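Single-structure report; data block below.
There are 2 protein chains.
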Amino acid sequence: MKAIQDYYPEEFAQCFGCGRLNEHGYHVRSFWNGDVTEARFTPKPYHTALPGFVNGGLLASLVDCHATGTSAGAAYRAEGREMDTLPAHRFVTASLRVDYLRPTPLGPELLLRGRVLSISGRKVRVEVTLSVNGETTVRGEVLSVEVPDSMRSSSRPPPP
Amino acid sequence: MKAIQDYYPEEFAQCFGCGRLNEHGYHVRSFWNGDVTEARFTPKPYHTALPGFVNGGLLASLVDCHATGTSAGAAYRAEGREMDTLPAHRFVTASLRVDYLRPTPLGPELLLRGRVLSISGRKVRVEVTLSVNGETTVRGEVLSVEVPDSMRSSSRPPPP
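Chains as they are written, first to last, in the working numbering: chain A, 1 to 160; chain B, 1001 to 1160.
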């Protein structure tokens, strides 16, 4: 099954968090499950905070990329378009809020769930919860915006 | 010169963001400069968002660890204690807010500046700004708390 991120054009698929073309990255992959999106991720042993717990920066990164992916998926749905049609939607984060409700144990698979709170023009607001073994440990909220022209390669001079 | 994180005891120095003992991590190192703290970080070429810009999840991670380091430093200062005295202070993040004011160009060194907004009991609130070439691109705010007993190795059974 193709993830939302699998539909990103090459230019938009380099992200350290979710780019399928970034060989060093986390490869977050988000899927619709009814009206919510889901992504699963198993941290490496070195993704630690204090021993035995997952690093909060990594958790923020997962929330971030799952939310921008959810935003892209929601934008297609709002237009009644399939994700393999053009122009491609790609969102970047304007603001990120992460509440660490309790420590996240390191080892088991993490489940991220995204829910669209609002969609308006070029902005989408997404809530993400992260759970492990059925217990929610993190709640995030992301305001994402459609990628501005200034961040597109076509708008910048080629590198020297 | 020793960074705040260099004073963390071994158990607290494993963090993927700032642990000196994590060989895969970012090794964020925070230093006092008068009443503010500073950390510098040069992202790798693969720490990308869209091509040419720094990944937002990485930026959140830098904000996070610079803020918890700042919190530890501030706790010692509030007690009039040197950082090589015991008991050791170590903070974890309760909530993280990051505003991406503008895209952060990938390549140049990033400068993080931390400022203590409040310190009260086991909680410290820290503002972090991140700039590149003198321009602020990110503003973060972190509420950190002294590491709870439940996250200390001494409070947990040994792994099987």
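Note that CB positions come from ideal geometry on N, CA and C, so glycine has one too.
Given the structure is predicted, the values throughout are model-derived calculations rather than measurements.
In whole angstroms, what is the alpha-carbon distance linking residue i and residue j?
i: B/Val1138; j: A/Asn133; result: 34 Å
i: A/Ala39; j: B/Pro1108; result: 32 Å
i: A/Glu10; j: B/Arg1102; result: 23 Å
i: A/Ser118; j: A/Thr70; result: 12 Å
i: A/Tyr76; j: A/Ser131; result: 27 Å
i: A/Pro43; j: A/Pro105; result: 10 Å
i: B/Phe1041; j: B/Phe1012; result: 21 Å
i: A/Ile4; j: A/Cys65; result: 11 Å
i: A/Gly19; j: A/Thr85; result: 19 Å
i: A/Trp32; j: A/Leu111; result: 13 Å
i: A/Arg122; j: A/Asn55; result: 31 Å
i: A/Met83; j: A/Thr129; result: 24 Å
i: B/Thr1136; j: B/Phe1053; result: 14 Å
i: A/Gln14; j: B/Asp1006; result: 34 Å
i: A/Met1; j: A/Arg125; result: 25 Å
i: A/Ala78; j: A/Ser120; result: 10 Å
i: A/Arg113; j: A/Arg90; result: 19 Å
i: A/Ser30; j: B/Ser1030; result: 35 Å
CB residue i to CB residue j, shorter than 8 Å?
i: B/Glu1146; j: B/Glu1127; result: no
i: B/Arg1115; j: A/Arg97; result: no
i: A/Gly80; j: A/Thr37; result: no
i: A/Ala67; j: A/Tyr8; result: no
i: A/Pro51; j: B/Ser1153; result: yes
i: B/Ser1144; j: B/Ala1094; result: yes
i: B/Asn1022; j: A/Tyr46; result: yes
Looking only at DSSP bridge pairs, what is residue i linked to?
i: B/Ser1144; result: B/Thr1093, B/Val1124
i: B/Asn1033; result: B/Val1036
i: A/Val54; result: A/Thr48
i: B/Phe1041; result: B/Leu1110
Pull up the CB-CB distance for residue i and residue j, whole angstroms please, since I reckon it's below 8 Å.
i: B/Gly1025; j: B/Gly1017; result: 6 Å
i: A/Gly57; j: B/Ala1060; result: 6 Å
i: B/Val1028; j: B/Leu1062; result: 6 Å
Checklist line | Segments of 3+ residues assigned as beta strand (DSSP E) that fall wholly inside the region 1071-1138 of chain B | finding: 1091-1100, 1110-1120, 1123-1132
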